[in-house]
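Residue numbers (our numbering): 2 to 76.
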């Protein structure tokens, strides 16, 4: 994924939102523990816990749909 292709708000905000989306998808569709997800994404386990506990709401995501991801990010 080329992060320099992302347009819109700041690139770091977009990367953060993509990471939050990955965390939710990994938890929903795999049987990985929070610690395993954190290790896989090379982030702190507290970030995974905060995302999954609802600290970051869906409305906080800039990315609202996969269509927007496809439009703005080259895979």
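The C-beta atom is built at its ideal place from N, Cα and C for all residues, glycine as well.
Quiz item: Near residue 61, which residues of its chain fall below 7 Å by C-beta distance, leaving aside the five closest residues on each side in sequence?
Solution: The residue labelled residue 61 in the question sits at position 60 within the chain shown. Here residue 61 scores only 45 on pLDDT, less than 50, and its place in the model should not be relied on; the value that follows carries that caveat. Excluding sequence neighbours, residue 61 sits near nothing in its chain.
Exercise. Would you please state the rounded distance, in angstroms, between the beta carbons of residue 53 and residue 23? I believe it to be under 8 Å.
Key: Taking the chain shown and counting its residues from 1, one reaches residue 53 at position 52. Taking the chain shown and counting its residues from 1, one reaches residue 23 at position 22. In fact, because the Cβ distance is near 12 Å, the residues do not count as touching under 8 Å.
Quiz item: Sorted by chain position, which residues of the same chain lie with C-beta nearer than 8 Å to residue 33's C-beta, five sequence neighbours on each side aside?
Solution: Mapped onto the chain shown, residue 33 falls at position 32. Counting only Cβ-Cβ distances below 8 Å, and skipping sequence neighbours, we find 27, 41.
Exercise. May I ask you to report which of helix, strand or coil DSSP gives residue 44?
Key: Position 43 of the chain shown holds residue 44. Coil.
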